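Colleague: Here it is, the structure in full.
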Amino acid sequence: MANLILRFYDIKSGEILVDGVDIRQVAQKDLRSKIGYVPQKGVLLSGTISSNLKYGKKEATDDEVQIAAQVAQAMDFISDNDDKFEAAITQGGTNVSGGQKQRLSIARALVAKPEIYIFDDSFSALDFKTDVDLRKALKEHTGDSTVIVVGQRISTIKNAEQIIVLDEGKIVGIGTHKELLKNCGEYYEIASSQLTQEELA
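Counting with my numbering, you get residues 2 to 202 for the letters of the sequence shown.
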């Protein structure tokens, strides 16, 4: 789905609209400038933490970078480093952990302040507490944007305004968390394997 919105390839039928315009009528560069995409495996470039976070917005201020890092729950390990935001990042981010790489990738998207955020299983390497704290901060920070979250953890997506359940590429349910627990067997099966009976009630 994320690949279709980003036009890595075009849909064969139907249409995807952004601001009422078919995305096939929009130049890819213009479309992608509206989107902050964070893949499951974060991609970092050789440079510093600061240069990586400013990649999508070169003119970003230090305050904007710091706020994005705070929202992404990245300040703990940034602050622990003597060089802070000027700490070196190797090509591919091989000198940081998977969770740190994801948080820096999320912060980079936040610095750019796009109209649309796509988090493509971007929270999978985060521990439960960091995931909860990050999602809470994200909700407060991205209020004016459209946020699309692709995820396998029910806890990550259960507070979404609308959840689309896919099974082998086909839509099998659409609704809120509570609606899907009642009306979608596939969703209930996934939820029951991850949540307690109290959380399912």
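Just so you know, even glycine gets a beta-carbon here, dropped at the ideal spot from N, CA and C. These numbers come from a predicted model, not from an experiment.
Between which residues of its own chain and Gly94 is the CB-CB distance below 6 Å, once the five residues before and five after are set aside?
Modeller: Leu45, Lys102
Colleague: Can you give, in chain order, each stretch of the beta strand (DSSP E) that sits fully within the stretch 63 to 131 and has at least 3 residues?
Modeller: Taken in chain order, the unbroken stretches of beta strand (DSSP E) that lie wholly in the stretch 63 to 131 and span 3 residues or more are 117 to 121.
Colleague: So for Lys30, helix, strand or coil by DSSP?
Modeller: The answer is helix: DSSP assigns Lys30 an H, G or I state.
Colleague: Would DSSP call Ile12 helix, strand or coil?
Modeller: coil
Colleague: Tell me which residue opens and which closes the alpha helix (DSSP H) that Lys171 is part of.
Modeller: Looking at the DSSP string, Lys171 is not in any alpha helix (DSSP H); the run it does join, the beta strand (DSSP E), is 171 to 176.
Colleague: Using three-state DSSP, classify Gly186 as helix, strand or coil.
Modeller: helix
Colleague: State yes or no: is the C-beta of Ile119 within less than 8 Å of the C-beta of Ile6?
Modeller: yes
Colleague: I'd like to know if the stretch 117 to 137 and the stretch 29 to 37 are in contact, where contact means that at least 3 CB-CB pairs between them fall below 8 Å.
Modeller: yes
Colleague: Could you please give me the residues that DSSP links to Met38 through a beta bridge?
Modeller: The sequence shown places Tyr at residue 38, not Met. DSSP output for Tyr38 lists Ile119 as bridge partner(s).
Colleague: Among Asn160, Ser156, Gly170, Val19, which has the Cα closest to the Cα of Ser194?
Modeller: Ser156
Colleague: Which residues in the same chain have their Cβ closer than 6 Å to the Cβ of Ala88, if we skip the five residues on either side of it in sequence?
Modeller: Counting only Cβ-Cβ distances below 6 Å, and skipping sequence neighbours, we find Ile50, Asn82.
Colleague: Evaluate Ala69 with the Cβ neighbour count: other Cβ atoms within 10 Å of its Cβ, from every protein chain shown; 16 or more gives buried, anything less gives exposed.
Modeller: buried
Colleague: Which residue marks the beginning of the alpha helix (DSSP H) containing Thr157, and which one marks its end?
Modeller: Segment 155 to 158, the alpha helix (DSSP H) holding Thr157.
Colleague: Starting from the C-beta of Val27, find all residues in its chain whose C-beta is less than 8 Å away, skip the five residues before and the five after it, and write them out in chain order.
Modeller: Val19
Colleague: Does DSSP classify Thr133 as helix, strand or coil?
Modeller: Before going further, note that residue 133 is Val rather than Thr in the sequence given. DSSP places Val133 in helix when its eight states are reduced to three.
Colleague: Checking the sheet assignment: what are the DSSP bridge partners for Gly48?
Modeller: Paired residue(s): Ile90.
Colleague: Please tell me whether Ser123 and Gln41 are closer than 8 Å, where the distance is taken between their beta carbons.
Modeller: yes
Colleague: Return the chain-ordered list of same chain residues with a C-beta closer than 7 Å to the C-beta of Thr143, the five sequence neighbours on each side being excluded.
Modeller: Tyr118
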